[in-house]
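The structure under discussion appears below in the form of structure tokens.
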Amino acid sequence: MAEIESSRKPHAIMISFHLQGHIIPFVNLAIKLASKGVTVTFVHLEFIHHQIIKSQYDSTQVDFFSEARNSGLDIHYTTISDGFPVEFDRSRNLDQYGKSFLLDFPTLVDEFVGKILHSHSSSSYNYFLVADTLCVWTAKIARKYHIVNVSFWTEPALVFSLYYHLDLLRKNGHVPANGLQENINYIPGIQSINTKDFMSYLQGPESTIIHTIIFIGFEEVKSADFIICNTVQELEAEAVLALKENQPFYAIGPICPTDFSTNTVPRSLLSESDCTEWLKTKSPGSVLYVSFGSLAKTDEHVILEIAEGLFLSEVNFLWVLRPGIVSYDDDDEILTVGFKNRIKDQGLIVPWCNQNLVLSNPAIGGFLTHCGWNSILESIWWRVPMICYPLFTDQITNRKLVVDDWKIGINLCDGLSISREEVAEKIKILMGGGKSNGIKEEMNRAREIMQTALNGSSERNFDQFLKDLTAKFLKK
Ligand code: UDP
């Protein structure tokens, strides 16, 4: 029996979560699994598939993995409906969408997985599910079909630990934090963290559908067979070690193409502006890149103070001002024509770009970031020091890692409010060398650690995960 079982090829069914910051590492994970000899069925939600096509220059490429397959990887690509028409506005109807994601979508996934498992070729494979930790359906479906359940966490181990120990935090009265500013040291693997650095979803009342999805996700993950995390073991050693005590947990990050920028699979939800020509006109290290990622929203006041602060600093800047960052309606006009005329060639403002291409450009000397986890990993890879302005979710906690623990960035605001004067001052500090010299050294150190991990601990952890997975197939 064992021999027959082990002659079956491992086959990952990967149903992707629908947010940009989750799609990117998930695609990279699919490529990585396939490059290790795993067959992969990669599944996007239909609306994501359409949005990616819309954003591409070459909209004829509808099988996103065809190039990867041509290079010898065994990846099949398909889509699944989330139960809503493609054109349904999910952001504006977040509550309705979230409820359906929680209650109705699991049935669609169940049917989908059932069909794959009952297909004619199913006897040649050992199937397993790989899903984002926020996919609330994984454990139940894996149990129903007796297949291995692999949970993929796209954020740091620190954030995972806090959600994982939610009961403990609640028992101690630290969640919801409700404005508390207390240092705590009882979470395994976390020496000390102030409650103000908790993720936004642990700060206030547990009132939204997103809270429910996250908290259910973290109940369900406790029955996952394996958890793989897009972090670097040496950067979060204690947190990773403590999590391993509970469940098989593997730090395999940064999960990325070999040089971070080679990219054969379309994955961008917005069209990328080409900034290369403008960057060519700027001297090395002179440009501050500014982006708040794919999801976060902020007030018009914040955007205006940042704009004026950039202008006052006299530093060159490339700003990704994503449509919808202030309201759901396209708000390209937050910055007036007057402002745009005033900055002349000091700044370039675009709706979206290829961030890795920008960060790798020698003209870039700093990154004003919202502290999305992918952005942090990419910034470390390209040795670009950061100015941090976290807006919500894990960004708040990620800031602590960047500024307080690793010392590879500074805060944009030291107080609660934002002012153009402070923005200008912080930009000058980061971009002017001087006081920020220590940051550059720490950044070089972090990058060294990351690079070593790529062919070291992360690779070994990935191989160990595959070995343990194979052993698990034999037991199933
Ligand atoms: N990104 C990009 N172009 C942009 C802004 C962001 O390609 O103009 C990419 C970025 O490289 C990163 C991802 O989008 O991989 C954003 O993920 P992150 O975790 O940083 O933030 P989120 O969008 O999830 O808040």
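The letter at position 222 of the sequence shown is residue 221 when you use numbering that gives the first Met the number 0, and the numbering goes up by one with no holes.
For glycine and all other residues, C-beta sits at the position ideal for the given N, C-alpha and C.
DSSP-derived helix/strand/coil call for residue i
| i | result |
| --- | --- |
| I47 | helix |
| P9 | strand |
| S34 | helix |
| Y96 | helix |
| N315 | strand |
| G346 | strand |
| H300 | helix |
| I333 | helix |
| A250 | strand |
| T451 | helix |
| S290 | strand |
| G113 | helix |
| L101 | helix |
| V39 | strand |
| S272 | strand |
| I324 | coil |
| N410 | strand |
| F366 | strand |
| F214 | helix |
| I227 | strand |
| I14 | strand |
| S222 | helix |
Burial state of residue i, where buried means 16 or more other Cβ atoms lie within 10 Å
| i | result |
| --- | --- |
| A67 | buried |
| M0 | With a pLDDT of 35 at M0, under the threshold of 50, the modelled position of that residue is not reliable, and no figure is offered here. |
| F87 | exposed |
| L411 | buried |
| L376 | buried |
| Y126 | buried |
| R91 | exposed |
| H300 | exposed |
| L473 | exposed |
| G365 | buried |
| S118 | exposed |
| Q394 | buried |
| G399 | For clarity, residue 399 is Lys in the given sequence; the question names Gly instead. The residue is buried, with at least 16 neighbouring Cβ atoms inside 10 Å. |
| T510 | In the structure displayed, the chain extends from 0 to 475; residue 510 sits before or after that span and is not available. |
| A156 | buried |
| V402 | buried |
| T469 | exposed |
| S122 | exposed |
| N454 | exposed |
| E420 | exposed |
| I171 | Looking at the sequence provided, one finds Asn at residue 171 rather than Ile. Looking at its Cβ environment, which holds fewer than 16 other Cβ atoms inside 10 Å, N171 is exposed. |
| G346 | buried |
| P84 | exposed |
| P361 | exposed |
| H173 | buried |
| F8 | According to the sequence shown, residue 8 is Lys rather than Phe. Under this definition K8 is an exposed residue. |
| G188 | buried |
Of the residues the options, the one placed nearest residue i, counting alpha carbons only
| i | options | result |
| --- | --- | --- |
| L294 | M13, G20 and P9 | G20 |
| S359 | P283, P389, D94 and I51 | P283 |
| G203 | T77, R169, K53 and L107 | R169 |
| Q190 | S120, A423 and L161 | L161 |
| C451 | W372, W351 and P253 | Reading off the sequence shown, one finds Thr at residue 451, where the question assumed Cys. Among W372, W351 and P253, the Cα nearest to that of T451 is on P253. |
| S34 | R7, G431, C255 and S54 | C255 |
| F197 | Q246, F391, Y124 and I324 | F391 |
| E276 | F111, V264, C352 and I22 | C352 |
| S222 | I140, I30 and I208 | I140 |
| E218 | V231, N148, N182 and T132 | T132 |
| L287 | L367, K281 and G337 | L367 |
| G292 | S58, R321 and E235 | R321 |
| S80 | L44, I51, F64 and L165 | L44 |
| S290 | E233, S150 and W372 | W372 |
| R444 | N69, P384 and S270 | P384 |
| C274 | N355, F46, V26 and G36 | N355 |
| L317 | V357, R341, E307 and M430 | V357 |
| F41 | P265, F461, K143 and L415 | P265 |
| I342 | I363, I417, I324 and S312 | S312 |
| G323 | A306, L278, S285 and L269 | L269 |
| Y163 | G216, I30 and L102 | G216 |
CB contact below 8 Å: residue i versus chain C
| i | result |
| --- | --- |
| E313 | Absent from the structure: chain C. Only one protein chain is present. |
>> Quick check on the DSSP output: what are the complete alpha helix (DSSP H) runs of length 4 or more inside the segment 126 to 209, in order along the chain?
In response: 137 to 144, 156 to 163 and 165 to 170
> Taking only runs of the alpha helix (DSSP H) that begin and end inside the segment 375 to 404, which ones reach a length of at least 4 residues, in chain order?
Replying inline: 394 to 398
>> Please give the ranges of any alpha helix (DSSP H) in the segment 50 to 79, keeping only runs that are unbroken, at least 4 residues long and fully inside the region.
In response: 65 to 69
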